[in-house]
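Trainee: So for the sequence shown, my numbering puts the first residue at 8; every next one is plus one.
Note that beta-carbon positions come from the ideal geometry of N, C-alpha and C, so glycine has one too.
Dropping a structure here in structure tokens format, bear with me for questions.
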Amino acid sequence: MLTENTEIDSSDAPSGEVAETPEQKLSMSRRNFMKHSAIVAGAATAAACSTEELEKFTQKRLRELSQPELQALIKRMEADYKKKFKKDVDVRATPAAEGVKFGYALDLSRCIGCRRCVHACVKENNQSRPTPEGPHNNPIQWIKVLEMEKEKGIDLTDSNAYYNPEEVPREGHFYMPVQCQQCENPPCVKVCPVQATWKEPDGIVVIDYEWCIGCRYCMVACPYGARRFNWAEPNLPADQVNTNTHILGNRPRPKGVVEKCTFCIQRTRAGRYPACVEICPVGARKFGNMLDPKSEIRAVLESKRVFILKEDLNTQPKFFYFFGI
Numbered sequence: 008m009l010t011e012n013t014e015i016d017s018s019d020a021p022s023g024e025v026a027e028t029p030e031q032k033l034s035m036s037r038r039n040f041m042k043h044s045a046i047v048a049g050a051a052t053a054a055a056c057s058t059e060e061l062e063k064f065t066q067k068r069l070r071e072l073s074q075p076e077l078q079a080l081i082k083r084m085e086a087d088y089k090k091k092f093k094k095d096v097d098v099r100a101t102p103a104a105e106g107v108k109f110g111y112a113l114d115l116s117r118c119i120g121c122r123r124c125v126h127a128c129v130k131e132n133n134q135s136r137p138t139p140e141g142p143h144n145n146p147i148q149w150i151k152v153l154e155m156e157k158e159k160g161i162d163l164t165d166s167n168a169y170y171n172p173e174e175v176p177r178e179g180h181f182y183m184p185v186q187c188q189q190c191e192n193p194p195c196v197k198v199c200p201v202q203a204t205w206k207e208p209d210g211i212v213v214i215d216y217e218w219c220i221g222c223r224y225c226m227v228a229c230p231y232g233a234r235r236f237n238w239a240e241p242n243l244p245a246d247q248v249n250t251n252t253h254i255l256g257n258r259p260r261p262k263g264v265v266e267k268c269t270f271c272i273q274r275t276r277a278g279r280y281p282a283c284v285e286i287c288p289v290g291a292r293k294f295g296n297m298l299d300p301k302s303e304i305r306a307v308l309e310s311k312r313v314f315i316l317k318e319d320l321n322t323q324p325k326f327f328y329f330f331g332i
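And the structure:
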């Protein structure tokens, strides 16, 4: 046992090395104790888990999985969803295509604030629906539409996200939908302590729901308020489940994770428009491959005076706004 009067005989140390002090030995013993305690705790947890639960607990990040491991994970997810929703849910892992960088543009002079984009997004992306009960009243919407006064111009601090007139557009007002800006320099990615979010080659910022620990650092870091947290078990009735899903996008999410817009990755990587683009009754939303000189988004970027939100932050969004008329 080490005491305050214990002397260290440096002659016992190997040549060229300094003998450990009592404090160093005590520190090492504590470190070893903590390490062995963690191993024992892990073994106890593993013993109490089923094989399936153990696989989930020890799963690697999605980006680290081999193709066989990824396919096995997808099959397990599809089986879990079938058991939960009593229907087949197709989970895909379609990768980003080469030569594609998605961009989005929104014509503020056309948007009428109808919120059809919001509801189409909810339906397409399996977001939690509202319920009568308080603790489970966990509706989630990835798109927020802001009402602003024309005389004041774009003023985020004086905007109204909860407008509810009998008819829209309301006289003297215009509307600005805000969602994930799919930044080229995303601050949300930088702050994630477990690397559960990252930017894909086609520009879409995604989330690994299995690795998200719900710390919400990314929500704080996002200057656009575009991320949402599942405080309760999402309310997703079986008859409202969209069965066409992507592992990095609209597959049903669990409680305790962050989620957000992914440009409808399950659709856009299959050559389709995002749901919000398709539903817009006035054609205010434009989408496409910015690297394609013949795409609609390139035509907007080259012919319109576009701007981005909070340009001074250097997040470099791939979501652009403009006044077309």
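1. The alpha helix (DSSP H) that contains residue 123, what's its start and end?
2. Quick one, which of 225, 168 and 179 has its alpha-carbon nearest residue 157's?
3. With C-beta atoms as the reference, is residue 229 less than 9 Å away from residue 184?
4. When you compare the CB positions of residue 86 and residue 283, do they come within less than 9 Å of one another, or not?
5. Taking the beta carbon of residue 16 as the centre, do at least 16 other beta carbons fall within 10 Å, making it buried, or is it exposed?
6. Quick check: what's the CA-CA separation for residue 263 versus residue 136?
7. Is the stretch 216–234 touching the stretch 250–266 in the sense that three or more CB pairs, one from each, lie closer than 8 Å?
8. For residue 184, which three-state DSSP category applies?
9. For the alpha helix (DSSP H) that contains residue 303, what are its first and last residues?
10. Near residue 314, what residues of its chain come up, given a Cβ to Cβ distance below 8 Å and the 5 sequence neighbours on each side ignored?
11. Runs of 4 residues minimum, wholly inside the stretch 142–167: which ones carry the alpha helix (DSSP H) assignment?
12. Could you name the residues that DSSP lists as bridge partners for residue 328?
13. Out of curiosity, what's the CA-to-CA distance linking residue 5 and residue 139?
14. Excluding the 5 residues flanking residue 67 on each side, which residues of the same chain have their C-beta closer than 7 Å to its C-beta?
15. Straight-line CA distance for residue 312 to residue 226?
16. Taking DSSP as the reference, what is the three-state secondary structure of residue 177?
17. Please report the distance separating the alpha-carbon of residue 76 from that of residue 101.
18. Tell me, please, whether the stretch 162–180 touches the stretch 198–206 by the rule of three or more beta-carbon pairs shorter than 8 Å.
19. So for residue 196, helix, strand or coil by DSSP?
Mentor: In short, the structure shows the following:
1. If you number the sequence shown from 1, residue 123 lands on position 116. 123–131 is the extent of the alpha helix (DSSP H) around residue 123.
2. On the sequence shown, residue 157 is found 150 positions in, with the first residue counted as 1. Nearest to residue 157 by C-alpha distance, out of 225, 168 and 179, is 179.
3. Taking the sequence shown and counting its residues from 1, the one referred to as residue 229 is at position 222. Taking the sequence shown and counting its residues from 1, the one referred to as residue 184 is at position 177. Residue 184 is positioned such that its CB atom lies no closer than 9 Å to that of residue 229.
4. Taking the first residue of the sequence shown as position 1, residue 86 is located at position 79. Taking the first residue of the sequence shown as position 1, residue 283 is located at position 276. No; because the gap between Cβ atoms is not below 9 Å, this pair is not in contact.
5. Locating residue 16 in the sequence shown gives position 9, counting from the first residue. Below a pLDDT of 50, predicted positions are generally treated as unreliable, and residue 16, at 43, falls in that range; the measurement from the model is reported next regardless. Exposed is the call here.
6. Looking up residue 263 in the sequence shown gives position 256. Looking up residue 136 in the sequence shown gives position 129. As the crow flies, the alpha-carbon of residue 263 is around 16 Å from that of residue 136.
7. Cβ pair count under 8 Å is three or more, so yes.
8. Residue numbering aside, residue 184 sits at position 177 when the sequence shown is read from its first letter. Reduced to three states, the DSSP call for residue 184 is strand.
9. Counting from 1 along the sequence shown, the entry for residue 303 is found at position 296. Start and end: 303–310.
10. Taking the first residue of the sequence shown as position 1, residue 314 is located at position 307. Same-chain partners within the cutoff: 327, 328 and 329.
11. Counting whole runs of 4 or more residues, the stretch 142–167 contains no alpha helix (DSSP H) stretch at all.
12. Within the sequence shown, the letter at position 321 stands for residue 328. For residue 328, which the question treats as bridged, DSSP gives the partners 113 and 314.
13. Nothing about residue 5 can be read from this structure; the chain reaches only from 8 to 332.
14. In the sequence shown, residue 67 corresponds to position 60, counting from 1. Cβ neighbours of residue 67 beyond the five flanking positions: none.
15. In the sequence shown, residue 312 corresponds to position 305, counting from 1. In the sequence shown, residue 226 corresponds to position 219, counting from 1. Each residue's Cα considered, the two are about 30 Å apart.
16. For the purposes of this step, residue 177 is taken as residue 170 along the sequence shown, with counting starting at 1. Annotated three-state conformation of residue 177 is coil, per DSSP.
17. Here residue 76 refers to the residue found at position 69 when the sequence shown is read from its first residue. Here residue 101 refers to the residue found at position 94 when the sequence shown is read from its first residue. Spanning the two alpha carbons is a distance of roughly 15 Å.
18. Judged by pairs of C-beta atoms under 8 Å, the stretch 162–180 does not touch the stretch 198–206, as fewer than three such pairs exist.
19. Looking up residue 196 in the sequence shown gives position 189. Correct three-state label for residue 196: helix.
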